[in-house]
Amino acid sequence: MNMDALLLSLRLALCVSAILLALGLPLAYWLAFSNWRGKFLLETVVAMPLVLPPTVLGFYVLMAMGPHGPLGKLWQMFFGHGLAFTFEGLILASVLYSLPFAVQPLIASFESVDRTLLDASSVLGAGRLRTFWRVILPLSIPGVVTALVLSFAHTMGEFGVVLMVGGNLAGVTRTVSIDIYDHVQSLEYAEANRLALILLALSFAVLSVVYAVNRQVGRHLGGRLWTPWTAK
Amino acid sequence: MDTVDREVNGAALTARVKMQRLRRDSPPFLLDISIEVPPGITILFGPSGAGKSTVLDCIAGLVRPDTGRIAAGEEILFDAHAGINCPPQARRIAYVFQTLALFPHMSAEENVAYGLDGLPHRERSARVEEILEAFRVDKLRARKPPEISGGERQRVALARSLVTRPRVLLLDEPLTGLDAELKATIVDDLRAWNAARGIPILYVTHTREEVDALGERVIAVDHGRVVSEGTPIEVLEAPRRKRLAQAAGFENLLGGTVVDLREADGVMRVRLDGSLSELETPLGYAAAGDRVRIAIRAGDILLATVRPQGLSARNIIEGRILAMETRGTLVRARVDCGVPFIVHLTPGAARSLELAERCRVWLVLKTHSCHLVEE
């Protein structure tokens, strides 16, 4: 069995989860604690990929990354080659597409931290950063785990955006879901089934980790599970 | 650190805060309070919603008043005119919240050490050690807040606040829900700790028992204003506003009209609204025909089943028992004397008098149990 596609998907999902965590923590902090009036606009933008068809998102990302798009031009300037149909382009598109899956659980768990604890931290002399690392983040572990796992799983399984932005280049942009599609198109059902089963098992494992962690930590901290389908 | 400590030791806290609080669920609320808190315990007393916690939040720097000035000794922490607003991190004011706000994911020791971030490791552990012992929680150091009892949590919260050597301590009903004995031991430890340091401690409460138990100085607030100040007796025995009188445990608040003044005896007679009954009360600033309110504690009223004679008490009113209910070791009787009275008595007294609903009774009130309340 050719594992290239599966490995590529794993690599993509790991990169995307890491980037989303780094990006999601400050973004979610700001969305959870800012009093800015126009906050809802940014919230809307972050949540858009939840409702947008992947082809629509993919289409615009492709346009932006193309040789005439702003992102494409910028990339060309710095790295000497285009962004569309590359692994980096795929990462960028996937980050956008999975953004709500990382940011929303983080917001939900940041917001559930008792504000008096933050006041207590301030009164005890801690600045915002220290309060974040020592109080908010440790009390938001379920949210962080959920965010990581959901961005990972969501990226592993994405199809439409990858197809639009990455095309189907073996070893570069041919992810496992596209590979499955190819196999089905070529009537190689056994091959398709093997890959599909792996994805199925992986999704199950990953989600059971989320639920298990939330249950464990929730017992200590009173945290609640965040999933896209229980979001407010 | 040490020089700073010496400088502020014994410095009073002065706070003048004024702010309009708009709340979604109640009418706009104006807070306009000016207080001075000398070293030692001062109680901020008043009914819930009087603005007590908001005052603490302003002093701690968590809420910004519209205008005013807050200073600890010489150091100005907030001054609206001068544009000074010291952030809470830099105020060195300790605050024990009503919910205590212990960090649930940290052990008692980690909680206590939280405020000592900048210190070298050795001094840090020495200070933590010292305060854990002073508040008798050194044995629970490794346990997390959800794993220890309510009284222990309160001790840990006090230790966490005081380990930073603050110049002021704010306490927002921190001992609510503890039994009196436990409360007293914690307060004793707090007093012992403060004996050497002498910082101002502002203790917020809405219960009368705590005022009696703790008070050296009391500042009573209501509707966002200071209504009286002084010793517990001065403040509690002479309530000046209706809501404060209720908060201070006056179950009976009666309206009436002054009939006549007897200056020589230091008393006046007041006819109660809706009744022919008259009460003799201490002389107040009133003239015949003035409207007054009288506050009487339910526990200050005697109850008799026959018309009493040969008593020094001047007020004897006839009535009929409307209802009786037993609450623990207290029987609460509602008596109709034209106006309704609430009377408290012990279950034993109720039994031996064979009191029951519809019983005819006489209420006996000493003149000085009838407190005049400002309209």
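Protein sequence lines correspond, in order, to chains D and C. Under this note's numbering, the first residue of the first sequence carries the number 56, and numbering increases by one thereafter. Under this note's numbering, the first residue of the second sequence carries the number 304, and numbering increases by one thereafter. Where a beta carbon is used, it is the ideal one built from N, C-alpha and C, also for glycine. Note that this is a predicted model, so its numbers are computed, not measured.
| field | Pairwise C-alpha distance: C/VAL431 and C/LEU443 | value | 13 Å
| task | Pull out every residue of the region 374-396 of chain C whose Cβ sits closer than 9 Å to any Cβ of chain D, in chain order. | result | PRO390, PRO391, GLN392, ALA393, ARG394, ARG395, ILE396
| request: Could you tell me whether the Cβ of C/ASP420 comes closer than 8 Å to any Cβ of chain D? | output: yes
| Integer-rounded CB distance, given that C/ALA460 should sit under 8 Å from C/PRO477 | 7 Å
| task | Ignore the nearest five residues each way along the sequence and tell me which others in D/ALA77's own chain have a CB closer than 6 Å to its CB. | result | none
| Could you give the distance in angstroms between the alpha-carbon of D/ALA267 and the alpha-carbon of C/LEU419? | 35 Å
| task | Check each candidate in C/ARG458, C/ILE536, C/ILE451 and name the one with the smallest Cα separation from C/THR679. | result | Examination of residue 679 of chain C is not possible in this model, given that chain C is present from 304 through 678 alone.
| message | Using the three-state DSSP reduction, which class does D/ALA68 fall into: helix, strand or coil? | response | helix
| request: Select from C/LEU422, C/LEU605, C/VAL676 the residue whose C-alpha is nearest the C-alpha of C/ILE620. | output: C/LEU605
| Unbroken alpha helix (DSSP H) runs of length 4 or more, entirely within the region 425-490 of chain C: which are they? | 453-465
| Buried or exposed by the 16-neighbour rule on C-beta atoms within 10 Å, applied to D/MET219 | buried
| Whose Cβ in chain D lies nearer than 8 Å to the Cβ of C/TYR417? | SER176, LEU179, ALA181, ARG189
| query | How would you call D/MET211, buried or exposed, if buried means at least 16 neighbouring beta carbons within 10 angstroms? | reply | buried
| query | What are the boundary residues of the alpha helix (DSSP H) that includes C/ALA375? | reply | Element bounds for C/ALA375: not the alpha helix (DSSP H) but the beta strand (DSSP E), 370-375.
| task | With DSSP collapsed to three states, give me the class of C/VAL307. | result | Confidence at C/VAL307 is low in this model, with a pLDDT of 41, below 50, so the placement of that residue is unreliable and no value is reported for it.
| said: Given a cut-off of 8 Å on the beta-carbon distance, is the pair C/ASN555 and C/ALA601 in contact? | reply: yes
| request: Report the rounded CA-to-CA distance for D/ARG170 versus C/LEU405, giving the unit in angstroms. | output: 12 Å
| message | Pairs of beta-carbons, one from the region 103-120 of chain D and one from the region 142-150 of chain D, closer than 8 Å: are there three or more? | response | yes
| task | Please check the pair C/VAL638 and C/ALA591, which I expect to be a contact at CB under 8 Å, by giving their CB distance rounded to whole angstroms. | result | The pair is not a contact, with the Cβ atoms about 28 Å apart (cut-off 8 Å).
| task | Find out if the Cβ-Cβ distance for the pair C/ARG470, C/ARG395 is shorter than 8 Å. | result | yes
| Closer than 9 Å, Cβ to any Cβ of chain C: which residues of the region 152-171 of chain D, in chain order? | ASP169, THR171
| field | Assumed close pair C/TYR506, C/SER464 - CB separation to whole angstroms, cut-off 8 Å | value | About 13 Å; that fails the 8 Å criterion.
| query | When DSSP builds the beta bridges, which residues end up paired with C/TRP665? | reply | C/ALA607, C/GLU621
| Are the C-beta atoms of C/HIS408 and some chain D residue less than 8 Å apart? | yes
| Residues sharing a beta bridge with C/ALA636, DSSP | C/MET627, C/VAL646
| query | How about D/LEU192: is its C-beta nearer than 8 Å to some C-beta of chain C? | reply | no
| field | Length of the line joining the Cα atoms of C/GLY651 and C/ALA437 | value | 43 Å
| field | Per-residue contacts from C/TYR398 into chain D (C-beta, under 7 Å) | value | VAL178
| query | So what's C/GLY343 in DSSP terms, helix, strand or just coil? | reply | strand
| Among all the DSSP beta bridges, which residues are the ones paired with D/ILE146? | BP columns for D/ILE146 are empty, so no partner.
| message | Does the contact criterion of 3 or more C-beta pairs under 8 Å hold for the region 171-184 of chain D versus the region 198-215 of chain D? | response | no
| Using a beta-carbon distance below 8 Å, is D/ARG270 in contact with chain C? | no
| query | Around the Cβ of D/LEU201, are there at least 16 other Cβ atoms within 10 angstroms (buried) or fewer (exposed)? | reply | Sequence inspection shows Thr at residue 201 of chain D; the Leu mentioned does not correspond to that position. Buried: at least 16 other Cβ atoms inside 10 Å.
| task | Identify the contact partners of D/ARG185 in chain C, using a Cβ-Cβ distance below 8 Å as the criterion. | result | ASP420
| Using DSSP with H/G/I as helix, E/B as strand and the rest coil, what is D/HIS238? | helix
| task | List the whole-angstrom C-beta distance separating C/LEU539 from C/ARG511, where the pair is believed to meet the contact cut-off of C-beta under 8 Å. | result | 7 Å
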